[in-house]
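Working notes for the structure below.
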Amino acid sequence: MHIQILPPELASQIAAGEVVERPASAVKELVENSLDAGAKTITVTIEEAGRRVIEVADDGCGIPAEEVPLAVERHATSKLYSAEQLFSIGTLGFRGEALASIGSVARLTLTSRTEDSGAATRISVEGGIPTAPQQVGAPRGTAIRVENLFYNVPARLKFLKKDVTERRRIDSLLTRYALAYPDVRFKLIQNGQAKLQTSGNGDRRAILATLYGVETAKQLLEVNAAEEGLRLSGFISPVAMTRSNRREITFFVNGRWVQDISLSTALIRAYHTMLMVGRYPLAALFLDLEPATVDVNVHPAKAEVRFRDPQRMFSFVQRSVRKAILAYTPVPQMGIAPPALWTERPSAQSGIDPAWKFSREAEYQGTGNQGLDASPFSTSNSQLPDSQPSIIKMPLLRLVGQIGQVYIIAEGPDGLYLIDQHAAHERILFERLLAQREANTLTSQNLLQAAIVHLPPQQATLLEEQLPILQKFGFEVESFGPNAFKIRAIPSIFSGSEPAAALKALVEDFEGDETPLQNKLEDRIAARVCKRMAVKGGQTLSTAEQESLLRDLENCDSPRTCPHGRPTMIHLSVELLERQFGRTGPR
């Protein structure tokens, strides 16, 4: 094969792949251009997840009429004039590739007017080929409309995700930039509906309230630290508010959203010993430093940076976050009794303590008052009622008690069982919910007062897709304004639980792999609701509640794991106990 020069249009499409990977990439480039232009209002309009239309309009300084044709050419920029400036970049854009890249894989229309110009200038680009500019009427600022993204690159179009996924990426992007630039009014319109709108009054906590709800915003801890040449500001979650992955950890460096492993690691290290394994904080942090001490020219999409002194950055972030956590952590007060983990030992009495009765003892024949000698652990059919199967799915357990307000101790025929009360209750609720759904016996309980839930835009988009499934499970949920939902009823089996918490649990980290339910959407939704509604670790259960939980777990089809595959119980056999106590020799 002979070496040859690629045609300009093909080279342009290849280069565009480095900058424009998906609709969210195009939105990011256009929004950053608007911010560089000094815009105070940015409106983003999306149709069909950005495949059909992406429009970004701002009230920035605009582009002079004579420079409009240059703006859509490759490597044309007003932000960089010499190689030396690469080491002190103070703008978000500088490569001069965004508009040309987008124009090579879409139909792009640019309309711009400066304040001192009597008319706006409009130019169109289709497949990398610009048309002649023309004069039109338009307000000051710039509006860029992108239509039919990747229409001439079908391979790239084929690899885009589902619409709901692409919309969530755009939601997440605008959410982050709204937090980073609180003095700019952002508005996001998806398919004619307003998904995000900020006031631009400079109050970050007010934006957090818009995104996550007032209660969540109140709980977030403020970070404000500075030392020579460095400043860190923003918000972090308290130790009681966590997520199952790092998706809600956001870092901006000099106003630029970056994905830096070392910064995320520094944040997580600051929470060392305070969070459970596998849990992560929520954070929106903004690091400002001298432009000369950070290199932003290491990634085509400008998503990564390189610090001149990475160890100093790591240490500064870790110290600052740790200090903020400790500053807001209440000091334990002396003289206040801790939660009661232990109860008094029952007084001696004749017979067997009721707490030691077998959970299914009443179901067996011939036990009477024979005490423990007539053990119901026997699996012979003569001791089982006619309705009982000959195969027992799990051994019958005798309640011993609760330890640490987390685990239930029970005795079985072959040793000791430690039962995780939360995981066990998850399994019970999950099977009960699915069984009622299959039998069409699900009933709903109307709430005395409808619960209102506010979600971030990307989570609201996901929840909207799941509303029909929620209906099948007995939830009555309806939209209640931008990113808000009203809960009118919940399944009867969850009566007494907090409905808002269940709804939030549906969308929190929903993309995570929930083996073995990864490909079963309805079951995953049921499992998430049950996880939130189940009793928690640290919750004291009465003897009757412990007995009831054991009985319900015995009736489950899969009692040994929760719906997500985590074990509900640990078995310590009699043989193991005897070896541990040295009663038998090692085998």
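Taking my numbering, the leading residue of the sequence shown gets 1022, the next gets one more, and so forth.
Glycine included, every Cβ here is placed at the ideal spot set by N, Cα and C.
Cβ pair residue i, residue j closer than 8 Å
i	j	result
Ser1055	Val1077	yes
Val1556	Gln1442	yes
Leu1571	Ala1431	yes
Ala1176	Val1157	no
Tyr1172	Pro1259	no
Val1089	Glu1168	no
Phe1113	Arg1277	In the sequence under discussion, the amino acid at residue 1113 is Leu, which differs from the Phe named in the question. Yes.
Phe1256	Val1274	no
Pro1154	Arg1161	no
Leu1574	Thr1589	yes
Leu1483	Val1185	yes
Glu1069	His1096	no
Pro1477	Gln1218	no
Ser1133	Thr1163	yes
Arg1553	Ala1522	yes
Leu1296	Glu1269	no
Phe1335	Ala1291	no
Arg1604	Ile1514	no
Cβ shell of residue i (< 7 Å), same chain only, five flanking positions each side left out
i	result
Ile1289	Tyr1301
Ile1191	Pro1044, Ala1045, Val1048, Ile1067, Gly1071
Ser1254	Val1244, Asn1245, Phe1307
His1592	Gly1436, Tyr1438
Leu1178	Phe1171
Tyr1146	Note that residue 1146 is Val in the sequence shown here, rather than Tyr. Taken in chain order, the residues that qualify are Val1093, Gly1124, Leu1129.
Which listed residue (the options) has its alpha carbon closest to that of residue i
i	options	result
Ser1265	Val1556, Ser1145, Ala1047, Ala1526	Ala1526
Glu1459	Ser1193, Lys1493, Leu1598, Ser1145	Lys1493
Gly1586	Glu1447, Ala1523, Ala1097, Met1554	Glu1447
Ser1125	Pro1151, Thr1135, Leu1229	Pro1151
Gly1558	Cys1577, Glu1497, Gln1426, Leu1296	Gln1426
Gly1148	His1096, Leu1131, Ala1127, Phe1602	Ala1127
Gly1221	Ile1424, Arg1134, Pro1203	Pro1203
Leu1284	Pro1312, Ala1058, Ala1246, Arg1333	Arg1333
Ala1159	Asp1137, Leu1178, Val1146	Asp1137
Ala1215	Thr1231, Arg1134, Asp1224	Thr1231
Arg1610	Arg1197, Gln1466, Ile1591, Ser1341	Residue coverage of the chain in this structure runs from 1022 to 1608, which leaves residue 1610 outside it and unanswerable.
Gly1436	Arg1188, Ser1594, Leu1310	Ser1594
Asn1467	Glu1485, Pro1478, Ala1481, Ala1510	Ala1510
Asp1309	Thr1286, Val1338, Gly1299	Val1338
Pro1312	Arg1329, Met1297, Val1298, Ser1193	Arg1329
Pro1195	Lys1182, Gln1211, Leu1181, Leu1450	Inspection of the sequence shows that residue 1195 is occupied by Leu rather than by Pro. Ranking Lys1182, Gln1211, Leu1181, Leu1450 by Cα distance to Leu1195 puts Gln1211 first.
For residue i, the three-state DSSP class (helix, strand or coil)
i	result
Tyr1385	Confidence at Tyr1385 is low in this model, with a pLDDT of 38, below 50, so the placement of that residue is unreliable and no value is reported for it.
His1592	strand
Glu1485	helix
Tyr1202	coil
Ile1084	coil
Glu1599	helix
Pro1503	coil
Ile1024	coil
His1446	helix
Val1089	helix
Thr1130	strand
Thr1605	coil
Leu1437	strand
Ser1258	coil
Glu1042	coil
Asn1275	coil
Gln1240	helix
Tyr1428	strand
Glu1068	strand
Arg1458	helix
Arg1095	coil
Pro1512	strand
Thr1112	coil
Thr1561	coil
Val1077	strand
Cutoff 6 Å; reference residue i; Cβ partners in own chain excluding five residues on either side
i	result
Pro1416	Gly1433, Pro1434
Leu1051	Val1077, Ile1165
Glu1499	Lys1507
Ser1579	none
Gln1480	Val1528
Cβ shell of residue i (< 8 Å), same chain only, five flanking positions each side left out
i	result
Tyr1428	Leu1439, Ile1440, Asp1441, Gln1442
Leu1469	none
Leu1229	Leu1200, Thr1237, Ala1238, Leu1241, Phe1256, Ala1305
Phe1501	Ile1473, Lys1507
Gly1250	Leu1310, Glu1311, Thr1314
Residue i Cβ short of 7 Å to the ligand FAD heavy atom set
i	result
Tyr1292	This structure simply doesn't include the ligand FAD, nor any ligand for that matter.
Length at least 3, wholly inside the stretch 1155 to 1208: the beta strand (DSSP E) runs in chain order: 1155 to 1157, 1162 to 1168
Unbroken stretches of the alpha helix (DSSP H), 4 residues or longer, contained in the stretch 1293 to 1341: Segments of the alpha helix (DSSP H) lying fully in the stretch 1293 to 1341: there are none.
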